[in-house]
Structures are given as C-alpha cells and as structure tokens.
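*Asks:*
Protein chains in written order, with our numbering: chain A, 1 to 280; chain B, 1001 to 1310.
Have a look at this one:
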C-alpha cells in the first residue's frame, strides 16, 4: 500500500492538484485520530493537510503519556485541546490549569456534559473566564437533532448536548471570547441564523453529511472570516469534509481563509504565548 | 547539510513519487481543460437525482448546470432518478418528465432510471412503461420515502419482473441524515435484512444499493449481503478515512462484527449529486491509495459491466 502515489492526478478530474492543496495551508480543527495516530496521519498527509488539532487529549490516564509525546514531538503537525465538562466546573478548571497553562494544549472542547448541563449553563462562567485569561481556543459540539414527541427541531438532542442556541447564549455572555460552533450546529440552515448576530462565533462543518451549497449559504449569512474547517477523521472521510469547501464558489483567497487562515487567527495568540511557531 | 522543512518535504516526496507513478504524464492541457482531458477513465455516476429536493433549493438544481458540473469532473454518463419519485403519487408523469428532462437538457450524459412504487396500484404498468416505452436500463426504488419495507409481498415480485426484463434495480437506502430531516418528514431507517433471502430465489436480479453505508443500516446487513448475494454498492456515503480501500480489504475502522472484504467489482461510483457535493465521491477515489485498476473499475468499468448484462 503506497500512500505516496495516486492512481491519476487529482487535477485531471477537475480537482485542485495536491500542490494546490498544500498551498491552501489546510488546518483541521477536528481530529479524532490521536489513538490511531500514525495510521490516520497517512491520509492526512496524503491529501496535503498541514496541521491537525486533536480534541481528545487527556482524560484517560493510560493514554496521557502517549498524547503528550505526540504533542511534543510533532508540534509542527499536531496541536491538542482538552475536553471539559460544564457539569464539573472545578474539575474542568483544574484540568485547564494542568493541560493548558502548565501543559502542551491550546484550548478546550465542550463535548456535552452530564446531568443536563449544556454550554449555556452559568457553570461555564469560571471555565470561559479562564479560557479568556489563557487565550484558549474554545470548541463547542453543537447539534440540532430533529425528533421527540411531538417532533421538533432539537427534540432528539441529548439532555446535555449543546445546540447553536446554547452557543449563542454563551457568546452573548462572553462577547470578547472567540468560540466555534461545531458541526454547523447539525442543521446548518438553522444554525447559521442562530449564531449570526454574535461576531465572536465561528462556524465549522465537520462531522456531518456534506450538502451541496451549505458553505455558500454560511458565507452569505456569516461572511468568509467566520468559517473554519475540520476533518473529523477517522470516522468521517477527508473527502466528505473537503468537498464541502470545494463545492462552494470561492476564490483561492477565500478558500485559504476557510481552510486554515481563520483558524490560525484564533489559535495564534495562545500559540505565540506558548512559543509555538505559527504564521497566519 | 541543507535542512528541509516539513512543507518542502511533503511537497517533494509526494510529487516525485507521483511523477514516477502516474501512468500518463500530467500535461498542461489536462489542467486547462478543467478535467475534460488527461489520464484516467471517464466516470459513470450511478447515483444522480434531478428536480427539486422537497425542502431546499439545491445549488445545481437546473439540469444544465448539473451536467456542466459533472462534465467538469469528467463524468461521461450519469444514471438519473427523480426527486419527484420520493413523494409524488403520479409516477406515470414523474417518469415522463424525467425522460424528457434527460433528453432535453442532459447533453447525452443522463440515463433515466424511473421510479416504481410496488405498494401502489398498477405499479406493474409503471415498470412496463419504464422498460418498453421509455427504454430505460433500470429503475430506482425509494422505500423509506414511499413508506414500505422489503418484507412487503410485492417487492420480490417486482425484483423478479425487473430481472426478467433485464433491468437494474437501484434501492436507495437513505437520502438524507435523519437527524436533519424537516420535522414534518419521517423517513424511517431502512432494514436491509430481508434482501439476502429475497434474492436467493432470483439469481439473475441486478440490484444496486445506493447510499447504503450509513452506520444505521448496520454492518451485519452489509456483511450478509456481501457474502450471500451479488448486490453492488455505490460509494456516496462510504465514510471514514480511506473508506474505499479499507472496504475492499475488509478492515473498516468501526471494527464491529466480522470484517468481510467487499470485492472491488461490486463497488460503483455514485455521488448522490445534486444533494451532495460531487467532489465528495470523487475525492474518495483519491483519499484511498487504490491502484489504477481499482480506480478504473469503480469509476467506470463496473457500471459498464452491470449495464452490459442488460
């Protein structure tokens, strides 16, 4: 199996060449491959992704040493953020001290808490206040799942699962803290409208089926400076996630923003603070 | 010693390897012609729908725009169903409009696959018209939107009649992630379990499953179908990093159940355009480190062979 070869050149099929993919300087804010890292990175490298951010760092003691080693030895390719739990603000803050202030990580992810606590809960204030102080990247898993009885938008959300509406509440409370509404809120047509008024909210499409026209729409609603890209490998294919952007009517400059520059702008303050190299 | 930064290394190693491995050298004309020329086969896209999606105006909703988009990516033939087949009751006219649209705006690329609903009255006539009048090569079923299961008694009868006519039967298992349905629409998950038994009695049936890799349809369903039938699959929702080659090798990431390789001969290119971006399916062929023979088979040859049997 040779990962360095393609059956045919990408550009022969109307796709960007691999060299063009490299030129886009693609940063992946949604990497789930840390526990199968070597294997997953073969696909990441194959399609020219410059850097990935793992959202699965820490939390499992038996993996922590391996995670730290990857983050230290492969810093030019892999960054990390930790999961926090809004139902346990004190534990979360302690984890941020350990992994961000005194460790290699650059941010936090809301993956959904316990006990019905979403990211909009007041529990989050000490967490976000510390994130502001550390200049930490803030990623929020957000979905609107249709379901319930009667069927309605968000009716099938987990009881601790944040929605774009929760992101909007949090963003309004902390207008000076940049944060990312993950998964385009699940339902991107609704999600983009929910977060539109909050300039500190970026929008990311990873981890959902690709829909033609969705990025054109999001840029129309939110502007080209508020879209960031994620790969969601290995469970989602890079083809899926890349196609969302390639489908959109964007100039090269716009593609570069969406594929990486917007995310680098969010990451740069804490990266520079930590002495990590970053060129926006 | 001259140091090489990571970026230069990435560029250099892959480009030099690619230059050695591409069977035909890359030419400027291949690039400038936006994919019309160049190495590699044209593509047969087996999963395209025309018309209006019920809950959203789609970007390439005008057939001419869709055809131009597909041409850009070197599609030479696309098997086209109709979104109207999901919810309309008048299949006679749905299929007539589909044929007219393919003929008028298809630029010789679009091959109509009519809709037949085997739980509505007089479906046998729809099947006959598709074959004898419209000269179709296949039909497309939408059980989840037309609200029937494969256990309904008319389903095996339809499969048998289609096989006798030499028609390909495409079964769409999903159209859209159920989590983002319009709240007034309820298209249940498709149960593929009965299919293997149904097909045992119809050895000459030519069945292709569309959009069948969503995890909700269950790995066990796929394993049984792979082992005990000759059904084909399209790749439109074959997810995970390197999903295509890992499916061929029988080692999906999910690791649930017993891994069963899917023979490459049974994998067909299908994009689910215009609902999904065409680039999604196309890039899957590049994300996976497959050989030129595997690429050719999936992109075109397997579909040709399925058609050729008709």
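Positions of the beta carbon are idealized from the N, C-alpha and C atoms, including for glycine.
Treat the numbers as computed from the prediction; the structure is a model and nothing was measured.
For residue 1285/B, which residues in the same chain have their Cβ closer than 7 angstroms to its Cβ, ignoring the five residues on either side in sequence?
*Replies:* Locating residue 1285/B in the second chain gives position 285, counting from the first residue. Same-chain partners within the cutoff: 1244, 1295, 1298, 1299.
*Asks:* Considering only residues of the same chain and omitting the five flanking positions on each side of residue 195/A, which have a CB-CB separation below 8 angstroms?
*Replies:* Locating residue 195/A in the first chain gives position 195, where the first residue counts as 1. Correct list, in chain order: 164, 167, 168, 171, 181, 185, 201, 203, 222.
*Asks:* Starting from the Cα of residue 1087/B, find the closest Cα among 1109/B, 1051/B, 1073/B, 1263/B and give me that residue.
*Replies:* Taking the second chain and counting its residues from 1, the one referred to as residue 1087/B is at position 87. If we check each option's Cα against that of residue 1087/B, 1051/B comes out closest.
*Asks:* From the DSSP output, which residues share a beta bridge with residue 1080/B?
*Replies:* Taking the second chain and counting its residues from 1, one reaches residue 1080/B at position 80. BP columns for residue 1080/B point to 1048/B, 1112/B.
*Asks:* List the residues of chain A that residue 1241/B touches, going by C-beta distances under 7 angstroms, in chain order.
*Replies:* On the second chain, position 241 is the one that residue 1241/B refers to. Those within 7 angstroms of residue 1241/B in chain A are 40, 43, 233, 234, 237, 238.
*Asks:* According to DSSP, simplified to helix, strand and coil, what is residue 202/A?
*Replies:* As a working note, residue 202/A is residue 202 in the first chain. Strand at residue 202/A.
*Asks:* Mapping DSSP to helix, strand and coil, what is residue 5/A?
*Replies:* Locating residue 5/A in the first chain gives position 5, where the first residue counts as 1. Looking at residue 5/A - three-state DSSP - the assignment turns out to be coil, as it is neither helix nor strand.
*Asks:* Is the beta carbon of residue 1113/B closer than 8 angstroms to that of residue 1077/B?
*Replies:* The residue you call residue 1077/B lines up with position 77 of the second chain. The residue you call residue 1113/B lines up with position 113 of the second chain. No.
*Asks:* Is there at least one Cβ from chain A nearer than 8 angstroms to residue 1311/B's Cβ?
*Replies:* Since the first residue shown for chain B is 1001 and the last is 1310, residue 1311/B is missing from the structure and cannot be characterised.
*Asks:* Around the Cβ of residue 279/A, are there at least 16 other Cβ atoms within 10 angstroms (buried) or fewer (exposed)?
*Replies:* Translated into positions along the first chain, residue 279/A becomes position 279. That one is exposed.
*Asks:* Cα separation between residue 271/A and residue 106/A?
*Replies:* Taking the first chain and counting its residues from 1, the one referred to as residue 271/A is at position 271. Taking the first chain and counting its residues from 1, the one referred to as residue 106/A is at position 106. Roughly 7 angstroms separates the two Cα atoms.
*Asks:* For residue 179/A, does the three-state DSSP call read helix, strand or coil?
*Replies:* Looking up residue 179/A in the first chain gives position 179. Reduced to three states, the DSSP call for residue 179/A is strand.
*Asks:* What first and last residue would you give for the alpha helix (DSSP H) that runs through residue 1145/B?
*Replies:* Locating residue 1145/B in the second chain gives position 145, counting from the first residue. Counting along the chain, the alpha helix (DSSP H) containing residue 1145/B begins and ends at 1143 to 1146.
*Asks:* Roughly how many angstroms separate the alpha carbons of residue 110/A and residue 193/A, rounded to a whole number?
*Replies:* Position 110 of the first chain, counted from the start, is the residue given in the question as residue 110/A. Position 193 of the first chain, counted from the start, is the residue given in the question as residue 193/A. Between residue 110/A and residue 193/A, the C-alpha separation is close to 21 angstroms.
*Asks:* Can you pull the chain A residues whose beta carbon is under 7 angstroms from the beta carbon of residue 1083/B, in chain order?
*Replies:* Here residue 1083/B corresponds to residue number 83 of the second chain, with the count starting at 1. Within 7 angstroms Cβ-Cβ: nothing; residue 1083/B doesn't reach chain A, min ~13 angstroms.
*Asks:* Of all the residues that make up the region 1055 to 1084 of chain B, which are near chain A by a beta-carbon distance shorter than 7 angstroms?
*Replies:* Hits within the stretch, in order: 1058, 1059, 1060, 1072, 1073, 1074.
*Asks:* Nearer than 7 angstroms: is that true of the beta carbon of residue 255/A relative to any heavy atom of the ligand MG?
*Replies:* Only the bare structure without any ligand can be found here, which leaves the ligand MG out of the picture.
*Asks:* Cutting at 7 angstroms between CB atoms, please list the residues of its own chain near residue 14/A, excluding the five before and the five after it.
*Replies:* For the purposes of this step, residue 14/A is taken as residue 14 along the first chain, with counting starting at 1. Nothing meets the Cβ criterion.
*Asks:* Give the residues of chain A in contact with residue 1180/B, contact being defined as C-beta atoms less than 7 angstroms apart.
*Replies:* Numbered from 1 along the second chain, position 180 holds the residue referred to as residue 1180/B. What residue 1180/B touches in chain A: 146, 186, 187.
*Asks:* Under a CB-based cut-off of 8 angstroms, is residue 120/A close to chain B?
*Replies:* Looking up residue 120/A in the first chain gives position 120. Not one chain B Cβ lies under 8 angstroms of residue 120/A.
*Asks:* Return the CA-CA distance between residue 1140/B and residue 1191/B, expressed in angstroms with no decimal places.
*Replies:* Mapped onto the second chain, residue 1140/B falls at position 140. Mapped onto the second chain, residue 1191/B falls at position 191. Using only the alpha carbons, I get a separation of about 17 angstroms.
*Asks:* Kindly indicate which three-state DSSP category residue 1206/B falls into: helix, strand or coil?
*Replies:* Taking the second chain and counting its residues from 1, the one referred to as residue 1206/B is at position 206. Residue 1206/B: strand per DSSP, three-state reduction.
*Asks:* Three or more C-beta pairs closer than 8 angstroms, one from the region 1262 to 1275 of chain B and one from the region 229 to 239 of chain A: is that the case here?
*Replies:* Verdict: no, contact absent.
*Asks:* Using only the alpha-carbon positions, how far apart do residue 1225/B and residue 1195/B sit?
*Replies:* Looking up residue 1225/B in the second chain gives position 225. Looking up residue 1195/B in the second chain gives position 195. Answer to the nearest angstrom: the Cα atoms are 8 angstroms apart.
*Asks:* Between residue 15/A and chain B, is any beta-carbon pair separated by less than 8 angstroms?
*Replies:* Here residue 15/A is taken as the residue at index 15 of the first chain, counted from 1. With 8 angstroms as the cut-off, residue 15/A counts as an interface residue toward chain B.
*Asks:* Quick one: does residue 1283/B have its CB under 8 angstroms from some CB of chain A?
*Replies:* Along the second chain, read from residue 1 onward, the residue named residue 1283/B stands at position 283. Yes, its Cβ sits closer than 8 angstroms to a Cβ of chain A.
*Asks:* Pick helix, strand or coil for residue 51/A, following the three-state DSSP scheme.
*Replies:* Working through the first chain from its first residue, we reach residue 51/A at position 51. The answer is strand: DSSP assigns residue 51/A an E or B state.
*Asks:* On the DSSP letters alone, give me the boundaries of the beta strand (DSSP E) that residue 30/A sits inside.
*Replies:* In the first chain, counting from the first residue as 1, residue 30/A sits at position 30. Start and end: 26 to 31.
*Asks:* Can you check whether the C-beta of residue 1213/B is within less than 8 angstroms of a C-beta belonging to chain A?
*Replies:* Residue 1213/B sits at position 213 when you count from the first residue of the second chain. So no, residue 1213/B is outside the interface.
*Asks:* What does residue 271/A touch in chain B if you count any residue whose Cβ is under 8 angstroms from its own?
*Replies:* For the purposes of this step, residue 271/A is taken as the residue at position 271 of the first chain. The premise fails here: residue 271/A is roughly 16 angstroms from chain B at the closest Cβ pair, so nothing lies under 8 angstroms.
*Asks:* Exposed or buried, what is residue 252/A when buried is set at 16 or more other beta-carbons lying within 10 Å of its beta-carbon?
*Replies:* The residue labelled residue 252/A in the question sits at position 252 within the first chain. Residue 252/A is exposed by the Cβ-count criterion.
*Asks:* Could you tell me whether any Cβ in chain A is nearer than 8 angstroms to the Cβ of residue 1279/B?
*Replies:* Position 279 of the second chain, counted from the first residue, corresponds to residue 1279/B. Closer than 8 angstroms: yes.
*Asks:* Considering only C-alpha positions, which residue in the set 139/A, 154/A, 137/A is nearest to residue 145/A?
*Replies:* Translated into the one-based positions of the first chain, residue 145/A becomes position 145. The shortest C-alpha separation from residue 145/A is found at 154/A.
*Asks:* With DSSP collapsed to three states, give me the class of residue 1233/B.
*Replies:* Reading the second chain from its first residue, position 233 is the one you call residue 1233/B. The answer is strand: DSSP assigns residue 1233/B an E or B state.
*Asks:* Helix, strand or coil for residue 56/A per DSSP?
*Replies:* Position 56 of the first chain, counted from the first residue, corresponds to residue 56/A. The answer is strand: DSSP assigns residue 56/A an E or B state.
*Asks:* Any idea if residue 1251/B is buried or exposed, counting beta-carbon neighbours within 10 angstroms, 16 or more meaning buried?
*Replies:* Your numbering for residue 1251/B matches position 251 in the second chain. Residue 1251/B should be labelled exposed.
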